[in-house]
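**Q** One structure, as structure tokens, below. Some questions next.
Residue numbers (this note's numbering): 1 to 1161.
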């Protein structure tokens, strides 16, 4: 005989009753688990399930960041390693090499990056930041880290220069002084070039900040210093005095040398370029204003916009290239930012889509004293990265292999699918490849450094992004890379809006009327569904064939009115006593939806957008199958959609908003259900609400019980299926602007708000595209909390306050709709903003032939479950605790030329058992709200487990995911915590305060997926991926690309014996002797502070502690020693070669003059 724990039985009874829904633990603190007991024999399954996941399986770390660096400020290139670095205003550095090599680093200070300098072919990078700190980054590890920092205390850094193969960095400051830093020790030299020593004593004004520093290509002992006011000083480092000074009456922006070191070019603030010769520095021997108009009277051309940067690159077999940014004429105000390429007499102006931040010319040699032979220009724009091919006369651009166009239109929502069917990526790539642009350079992408290997992770991953312009992009995200697969535009199903229509077109949406708000994808059936900000849903099917067809469309009314609600407890103060207190919360959510009072007739039954009525050509890929639009009701605009679900096996799509729920049969193109949330309860309403009186005018009310045979009214005529006379009932619900995240209210709107009664804050998922930068509405949430806590009481007082009960979660599943069901059947689980869970039964016709003609019945099951807070997600587990997937239809191409039986016949995959095998309960329903998670046993509907996730905050995202062949619930909380809970027992496995929600963008785009992966939009242009799997954290080092690969530095060209002897003494210049402590002394301690970094340790951190860590450190040291020995070997060989060459030359000279007398020389 089985023993029962009497207390557990009582707990189970309490949990299964509607009143005691919190499973015996609702009053406990956050993070408490309550195993609510089970009644009768149904309690057996939970004891049998062996949960394999423990906290050891979880750890959080960022994996990789994709996209364009947000707010870029600086650019650098290593011509030997062929890697590119980009610095940003937020203190980030992105280092890019060949596709797959993409590294993100961040300065802890968050100060903007002013300048970047590679130690060429040394595996190191120097960054200068706006907080006047210099940092040395070690790139010889997969995750770069800072080796040294130097913080200037009394002077502001303006410019840095590191000569090739030198270990001394020149640093110019705002005061006009030039300091010298030893790169190895990161200590200041005592050698300083003071501004007052550099300029002439007779000069009475300060020359301004240092804007340029460079050593002469001819003689490394000479330093060219450019000051902002137009002063140029050629400083002799050995004799510590100025060799020459030059003055120009326009401010200098940049300076560039000719490779021979005899001439240099300056760009100025009046749009002019000046060319100077060292032999005659009194004035420039050539001055040009490339874009200036010549004056008729022979005066100098009119001034233009400043030329911000110029590069002067020589070629052996052609004219030199002069490349500059800016310098356009002032009269062309509408001209776009441009890059000008002057080659000989040809001038080419390349117009850019965004302002130019910086550019670099890529050359064949790293040596500044050789012919430069430029082959490409990297142009960093504010929102793009472009590389121009200089080897072809028409200057084509290279096709960019990086995923830097994520933000082409602002991202409004994201979805992430790991371990999806492997055939999807090649299929999506094949349809996407047909839309590729032409006209790119045929050369290979020049930024080709680093090394990347596939790593151990092999499962396919797909990221989908929805955008403000209505476009949807599919990305291949396998093995921590990102590559564009396919893109389509949802706006193509609608008519283009004419500019003249003005307000009429932008009825509820000011801008971005096609913005994608929610997406739902079934990878197995390839059905895709999108909800737009203008209250529409589009169902897409995938086809490999082009088709020309009309787009089917339906219109749905989803609005209702509650009247005459009696409040038995009038002393309770509502959360919004008047409209004025409501205003701040609405203002803080300034979205793009707006109620517009129209002139003349009241708007009714009109959708926000017009669907194309003519046949439309649809290319291969995703093709629109059905458009469903919500319509205006009595002058009220349709509210934005807050939940969306589709099921290919059932052929149904469901969506809801703050007014109610709609269910549509997309196979028969019929509206099955269009009903207010309150009416979904039927007789199972947990609140004792007063009966509502129907609208006096023309609204028709019908309960769910009348769905099968309701009469057809004029209002419903629009929703009739073209193929069937069967139309379902249709209820109306109260209206309020609370969900329309609207514009600031006018006084007329306030009185309207009073009339309608206070509403609930907008549901977070319904934020429109315009809400890109808003802060989280904390006060609104608090109000929501207060109203919620009262709604749990038996009074009806909360109903009038929270009359707008949004549909927040939907889930199609084979499940038990009622307590006594013996077999699973098709169901739709509905979750609301008040924490109510309703189950609707779906009665589908048996057989394929009947499915196309017989109507689908939707009816209430009477089951109502409750949670605390708005419902976020559902999932089902079988009796073994394995995740049960909803049924789906195997993909078939409806437009295939092969018209045989195979393509016409639907093939359904059902995962659930068809009948009970007398084993009691054999399904677990996992439901998570923004406050708590519950696991119910079905069909008994016993609450087995409850976990109160948070008391003081709320969840933004919750997903049931698979990890290590098991399943868990992953949650992201508004207070920044990432949590995982075991299933079905809801044991906390991970809880880390990881990501503060500083921006609504994070809240809207965060999503979890299988195998311990997650992502969010870290900036408007970048996707940050992270993992919460310990295994992936351990394997991450193997998956990341190598930034540094051993490459031999190219040899300098043989300059010839006599040229080396008489062409300048650059080779004999010993910087160590000049700048070292022995000669120059120590710098003032108060000038700069040295801060040691953690660079060497960071790379070892992944190798645990103890012996493994020691071995790794030893291996790194050996590698570095080996590299240094190799370099020494190379230098020895080079010296031997030079000695041989010298010996040979000496022998030739001796032979030539051997037999000549002294007077014959």
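Don't be surprised by glycine CBs; every beta carbon is placed ideally from N, CA and C.
Can you list, in chain order, the stretches of the alpha helix (DSSP H) that have 4 or more residues and sit fully within the region 422-479?
**A** 424-433
**Q** Rounded to the nearest angstrom, how far is the Cβ of residue 529 from that of residue 644, given a contact under 8 Å?
**A** 6 Å
**Q** Report the rounded CA-to-CA distance for residue 1023 versus residue 384, giving the unit in angstroms.
**A** The alpha-carbon atoms of residue 1023 and residue 384 are separated by roughly 15 Å.
**Q** So does the region 476-484 actually touch the region 112-130, counting three or more Cβ pairs closer than 8 Å?
**A** no
**Q** At the level of alpha carbons, what is the spacing between residue 1134 and residue 228?
**A** 41 Å
**Q** Counting Cβ pairs closer than 8 Å, one from the region 264-276 and one from the region 324-339, do we hit at least three?
**A** yes
**Q** Using beta-carbon positions only, say whether residue 350 and residue 340 come within less than 9 Å of one another.
**A** Between residue 350 and residue 340, the gap from beta carbon to beta carbon is short of 9 Å.
**Q** Let's see if you can read the secondary structure: which residues bound the alpha helix (DSSP H) around residue 1006?
**A** Neither: residue 1006 is in no alpha helix (DSSP H) and is coded neither H nor E.
**Q** Could you tell me whether the Cβ atoms of residue 538 and residue 672 are closer together than 9 Å?
**A** no
**Q** Just reading off the beta strand (DSSP E) that residue 151 is part of, what are its end residues?
**A** 145-152
**Q** Using C-beta distances below 7 Å, list every residue in its chain close to residue 415, excluding the 5 sequence neighbours before and after it, in chain order.
**A** 464, 519, 521, 1007
**Q** Under DSSP, the beta strand (DSSP E) around residue 555 begins and ends at which residues?
**A** 552-556
**Q** Please state the DSSP three-state secondary structure of residue 1128.
**A** helix
**Q** Leaving out five residues before and five after residue 80 in sequence, what residues of the same chain have Cβ atoms less than 8 Å from its Cβ?
**A** 120, 121, 366, 1047, 1049, 1050
**Q** Does DSSP put residue 420 in a helix, a strand or coil?
**A** Three-state result, residue 420: coil.
**Q** Quick check on residue 309: buried or exposed, where buried means 16 or more other Cβ atoms within 10 Å of its Cβ?
**A** buried
**Q** Do residue 630 and residue 540 count as a contact pair if the criterion is CB distance below 9 Å?
**A** Contact flag unset, no.
**Q** On the premise that residue 148 lies in contact with residue 186, defined as a C-beta separation below 8 Å, what is that separation, rounded to the nearest angstrom?
**A** 3 Å
**Q** DSSP three-state label for residue 1142, please.
**A** helix
**Q** What do you get for residue 1091, buried or exposed, if any count of 16 or more other CB atoms within 10 angstroms of its CB means buried?
**A** exposed
**Q** Just curious, the alpha helix (DSSP H) that residue 677 is in, first and last residue?
**A** 677-680
**Q** Residues bridged to residue 645 by DSSP?
**A** 654
**Q** Do you know offhand how far residue 220's Cα is from residue 279's?
**A** Between residue 220 and residue 279, the C-alpha separation is close to 18 Å.
**Q** Determine contact between the region 869-883 and the region 825-837, defined as no fewer than three beta-carbon pairs at a distance below 8 Å.
**A** yes
**Q** I'd like the span of the beta strand (DSSP E) that includes residue 1019, first residue to last.
**A** 1013-1019
**Q** Using the three-state DSSP reduction, which class does residue 1033 fall into: helix, strand or coil?
**A** helix
**Q** What are the start and end residues of the alpha helix (DSSP H) that includes residue 264?
**A** Taken as a continuous stretch (DSSP letters only), residue 264 belongs to no alpha helix (DSSP H), being part of the beta strand (DSSP E) at 263-268.
**Q** May I ask you to list the residues that DSSP assigns as paired with residue 235?
**A** 223, 242
**Q** Cα separation between residue 978 and residue 61?
**A** 11 Å
**Q** Could you name the residues of the same chain whose beta carbon sits closer than 8 Å to that of residue 285, not counting the 5 residues immediately before and after it, in chain order?
**A** 275, 276, 277
**Q** Roughly how many angstroms lie between the CA atoms of residue 1016 and residue 993, to the nearest whole one?
**A** 16 Å
**Q** How far does the alpha helix (DSSP H) with residue 853 in it reach, from first residue to last?
**A** Per DSSP, residue 853 belongs to the alpha helix (DSSP H) from 848-853.
**Q** If you draw a straight line from the alpha carbon of residue 886 to that of residue 669, how long is it in whole angstroms?
**A** 22 Å
**Q** Taking all protein chains shown into account, decide if residue 1151 is buried (16 or more other Cβ within 10 angstroms of its Cβ) or exposed.
**A** With fewer than 16 other Cβ atoms within 10 Å, it is exposed.
**Q** Contact check, residue 281 vs residue 244 under 8 Å by CB: the rounded distance?
**A** 5 Å
**Q** Kindly give me the distance between the Cβ atoms of residue 845 and residue 70, rounded to whole angstroms, as I take these residues to be in contact under 8 Å.
**A** The Cβ separation is near 53 Å, so there is no contact.
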